[in-house]
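*Asks:* Handing you this structure, nothing more for now.
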Amino acid sequence: MKTSEIHIDILKIYSNYNHAHHSFIETWQQMILFTPRWWLAFILSTLPWILWWKLHNPKYTGDLIRAGFFMAIITLTLDSVGLQFGLWIYPYIMFPFITGYLPWDLTLLPVSIMFMIEIMPQRSPLLKGFIYAGLAAFVGEPLAIALDLYKPIHWSSLYSFPIYILLFLLSNKVAKSKTFNSRL
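Numbering (my numbering) for the sequence shown: 3 to 186.
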């Protein structure tokens with residue numbers, strides 16, 4: 003296949019994608035924006051950060067924020083991949099320009115991981131990882147399904163469980179890294 007043919011095919015694909023995204027934005031504006039579930043997403047995106055800011059130990063802010071940002075980047079990436087492969091959908095997203103569910107990727111998972119890292123710092127990270135994964139996979143995900151915020155298509159919370167353990171352990175390592183002169 004010639005380069006010009008590849009460019010034409012890719013241009014067609016992007017044109018179809020842009021058309022679909024434009025339709026998605028119209029649907030979002032007409033059916034999702036400012037609905038009760040949209041407001042729930044807004045609250046879930048802001049309230050945990052406010053609570054964390056008021057409750058965390060300021061001595062560890064940098065370490066915890068580093069872990070939270072790490073978690074947010076990883077979850078946004080994994081969420082985007084899962085959505086593109088059709089593993090799940092989010093019927094009520096907060097913004098049509100971000101592929102994942104903003105409250106889950108940028109707030110609930112990062113903030114909850116920061117709390118878990120900070121509380122009981124002497125406990126085994128593996129034990130805390132199992133607790134975190136259990137809560138996220140077997141409480142958080144089913145609750146999101148019940149609220150119609152998340153619909154797994156080719157996915158199970160059982161698949162999420164080991165991923166959450168790994169994400170906790172990696173985030174914990176990032177928070178406590180001596181490279182950044184961690185205080186944790």
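The C-beta atom is built at its ideal place from N, Cα and C for all residues, glycine as well.
1) Beta-carbon separation of Thr-101 and Leu-85 under 7 Å?
2) Report all residues from its chain with a CB closer than 7 Å to the CB of Ala-139; omit the five preceding and five following residues, and keep chain order.
3) Starting from Val-141, trace the alpha helix (DSSP H) in both directions and tell me its first and last residue.
4) The alpha helix (DSSP H) with Arg-68 in it runs from where to where?
5) Taking the Cβ atom as the reference point for each residue, do Pro-127 and Leu-171 lie within a distance shorter than 7 Å?
6) DSSP state of Pro-112, grouped into three classes?
7) Any idea what DSSP makes of Pro-93, helix, strand or coil?
8) The alpha helix (DSSP H) that contains Asp-11, what's its start and end?
9) With DSSP as the reference, identify every bridge partner of Pro-154, one or two as the case may be.
10) Can you have a look at Met-244 and say buried or exposed, based on whether 16 or more other CB atoms are within 10 angstroms of its CB?
11) Hey, Asp-65 and Asp-107: beta-carbon distance below 7 Å or not?
12) With H, G and I counted as helix, E and B as strand and the rest as coil, what does DSSP make of Arg-1?
*Replies:* In brief:
1) yes
2) Ser-159, Ser-162, Phe-163, Tyr-166
3) That residue, Val-141, is in no alpha helix (DSSP H); it is neither H nor E in DSSP.
4) 63-86
5) yes
6) helix
7) coil
8) 5-33
9) Trp-90
10) Shown here, the chain extends from 3 to 186; a query on residue 244 therefore has no answer.
11) no
12) Within the shown structure, residues of the chain are numbered from 3 to 186, placing residue 1 beyond reach of any answer.
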